[in-house]
Amino acid sequence: MAELTTLARPYAKAAFEHAQAHQQLANWSAMLGLAAAVSQDDTLQRVLKAPRLTSAEKAATFIDVCGDKFDEKARNFINVVAENDRLLLLPEIAALFDLYKAEQEKSVDVEVTSAFALNQEQQDKLAKVLSARLNREVRLQVAEDAALIGGVVIRAGDLVIDGSIRGKIAKLAEALKS
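Residue numbers (the working numbering): 1 to 178.
Right, dumping it as structure tokens:
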């Protein structure tokens, strides 16, 4: 994983700097998201891994699949990534780009998994508290998991807050074992 991040970082950084300079962060984020999704398609992965195809042929196929969703700069970016045989890194490049974008915009995506459905008032209150704690604009992604028994698990980047009953039982079991 660390190696993939290391390989993807220069491309993500270059794309981010270009997008930022041209005030196109949202457009580039969408384009890279599409590119990441397309690169994970099974059929296209076989094409991208085919040793008999040149990098130019792989890039052309990739761009054809994406159609008119890419502007000239995006097509050039895909060609450069293909020349360096890094098209399979597009999901990692897109993820890093989105991290740079979130850092620039002072925002963070927070995954909240709860044992029961959270109503809008609870979500708003949680977003407000997390926004104050993280000093960022918070975008909640809420999911349910009955296996938690009760409580919530909050994930924001590297930060994980496990306030679930399942997590507390696991900690108690670990304490009893030691």
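Heads up, the beta-carbon is just placed ideally off N, CA and C, and yes, glycines get one too.
Fair warning: this is a prediction, and the values are worked out from it, not measured in the lab.
Going by Cα to Cα distance, which pick from the options is closest to residue i?
{"i": "residue 249", "options": "147, 88 and 161", "result": "Because the chain here runs from 1 to 178, residue 249 falls outside it and cannot be looked at."}
{"i": "residue 139", "options": "149, 79, 154 and 46", "result": "154"}
{"i": "residue 114", "options": "13, 28, 161 and 83", "result": "161"}
{"i": "residue 159", "options": "74, 109, 168 and 119", "result": "109"}
{"i": "residue 103", "options": "165, 22 and 136", "result": "136"}
{"i": "residue 11", "options": "64, 27, 72 and 86", "result": "86"}
With residue i as the anchor, note down where its alpha helix (DSSP H) starts and where it stops.
{"i": "residue 170", "result": "165-177"}
{"i": "residue 184", "result": "Any property of residue 184 remains undetermined from this structure, which presents the chain solely from 1 to 178."}
{"i": "residue 128", "result": "120-134"}
{"i": "residue 45", "result": "42-49"}
{"i": "residue 25", "result": "25-39"}
Is residue i helix, strand or coil by DSSP?
{"i": "residue 159", "result": "strand"}
{"i": "residue 54", "result": "coil"}
{"i": "residue 109", "result": "strand"}
{"i": "residue 78", "result": "helix"}
{"i": "residue 63", "result": "helix"}
If I follow the unbroken beta strand (DSSP E) through residue i, where does it start and stop?
{"i": "residue 141", "result": "137-144"}
Exposed or buried, residue i, counting other C-beta atoms within 10 Å across all chains shown (16 or more means buried)?
{"i": "residue 172", "result": "exposed"}
{"i": "residue 78", "result": "buried"}
{"i": "residue 129", "result": "exposed"}
{"i": "residue 181", "result": "Any answer about residue 181 is impossible in this case: the structure gives the chain only from 1 up to 178."}
{"i": "residue 97", "result": "buried"}
{"i": "residue 116", "result": "exposed"}
{"i": "residue 121", "result": "exposed"}
{"i": "residue 69", "result": "exposed"}
{"i": "residue 143", "result": "exposed"}
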